[in-house]
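Quick notes on the structure that follows.
Numbering (UniProt numbering), first residue to last: 1 to 352.
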């Protein structure tokens, strides 16, 4: 039972701080609304979620792969590029998963653990040691003489497109936020590497496993309310359903309480404890961005002594979960179903 006696004194303040009414956010995320309110039949899960919609837009011919990259530009890339550099670790992992090899990559302090041993070989040159484009030397990239440089949409990496273009180097800017994007980019990468069969044996297998997991919850009626915190060593914010983790929560029929705090189409929003108390979520999930315990320390420092935090049902019922970075911070790629399974264990322990 929600603690209405604890919130009655501040409920008016909390509602004002939420910032918009339920009707204003009713259509904020049509996919997650559909997932959350529709009883999904055995044959329509993929249609409702549209997992393969983006992959189906990729055009493959005998020699070329055509697609729209993260800048909105239509790309026509020849198959079998020989010299490829990747400047985003999750994309590096995906490139290898899709049958590719690299001559150069980025190195970060925390994310190399997700890479296969081939990517860690001394034969693969480290062209930068930061994911921020501000700290990436264009000259270091050019020195590797690449055919293609794979960039991400985050950390200002798209600013590298123009100087690389001036140097005559092709770029692919990867926009990757969810499983739909995973399937799209796997199809692009596997076909560029002339290994289209990997889409069926790896990516489609991941999709089918995930659909089986979603089928388990198709008749669930009791949906958990969830606060999904994104934690760094310096700040806390709440993931919306438009984020990668938020989208998975919605697919698993979780109700993201932060969606009602913001009417803009962004991925995250500031946290207000009074608004959290008004919603009093069943579960609190923390997406960690480092492996040094900084997320838990940040939450304990900011919220540990707060009577509002301590009164939350999720806190009192030991329903605060620190999510595995390999599955929920880095892109899980072929491990997407493991992430969905983990959410199933948290949300519906009686079913998983």
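Idealized CB from N, CA, C, for every residue including glycine.
- The way I'd put it, the segment 169-177 does touch the segment 143-157; three or more beta-carbon pairs between them come closer than 8 Å.
- By the criterion of a C-beta distance shorter than 6 Å, residue 88 is surrounded in its chain by 152, once the five residues flanking it on both sides are discounted.
- For residue 64, the uninterrupted beta strand (DSSP E) segment begins and ends at 64-68.
- Burial is judged here by how many other beta carbons sit within 10 angstroms of a residue's own beta carbon; residue 53 has fewer than 16 and is exposed.
- Considered as a whole, the segment 96-157 harbours 104-106, 125-128 and 148-152 as its complete beta strand (DSSP E) runs of no fewer than 3 residues, in chain order.
- In this structure, the beta-carbon distance from residue 341 to residue 328 does not fall below 8 Å.
- Residue 85 holds the alpha-carbon nearest to the alpha-carbon of residue 103 among 85, 346, 120 and 335.
- Taking C-beta atoms as the reference points, residue 224 and residue 282 count as a pair closer than 8 Å.
- Residue 67 sits close to residue 58, with the two beta carbons spaced by under 8 Å.
- Residue 332 is classed as buried because its beta carbon has at least 16 other beta carbons within 10 Å across all chains shown.
- In the structure shown, residue 212 falls within a helical segment according to DSSP collapsed to helix, strand and coil.
- In this structure residue 202 does not touch residue 118 by the C-beta definition: roughly 16 Å separates them, more than the 8 Å allowed.
- In the assembly as shown, residue 228 is a buried residue. Its beta-carbon has 16 or more other beta-carbons within 10 Å.
- Cβ neighbours of residue 348 within its own chain (closer than 7 Å, five residues either side excluded): 217 and 220.
- For the options 267, 161 and 186, the alpha carbon positioned closest to that of residue 246 is the one of 267.
- The DSSP assignment places 283-288 and 320-323 as complete runs of the beta strand (DSSP E) inside the segment 269-342, in order along the chain (cut-off: 3 residues).
- For the segment 162-219, the full-length alpha helix (DSSP H) segments reaching 4 residues or more read 179-192 and 204-216 along the chain.
- Put simply, the segment 307-318 does not touch the segment 177-190. Fewer than three CB pairs are less than 8 Å apart.
- According to the DSSP secondary-structure assignment, residue 237 is paired through a beta bridge with 230.
- Residue 164 and residue 93 have their C-alpha atoms spaced approximately 22 Å apart.
- Cβ neighbours of residue 279 within its own chain (closer than 7 Å, five residues either side excluded): 225 and 257.
- DSSP lists no bridge partner for residue 79.
- Residue 138 holds the alpha-carbon nearest to the alpha-carbon of residue 166 among 138, 211, 208 and 101.
- The C-beta separation of residue 214 from residue 45 comes to about 5 Å, placing the pair in contact by the 8 Å criterion.
- Of the other Cβ atoms in all chains shown, 16 or more fall within 10 Å of the Cβ of residue 193; this residue is therefore buried.
- Around the beta carbon of residue 187, 16 or more other beta carbons sit within 10 angstroms, so the residue counts as buried.
- With a 10 Å radius around the Cβ and a threshold of 16 neighbouring Cβ atoms, residue 120 comes out exposed.
- A Cβ-Cβ separation of about 14 Å leaves residue 259 out of contact with residue 285 under the 8 Å criterion.
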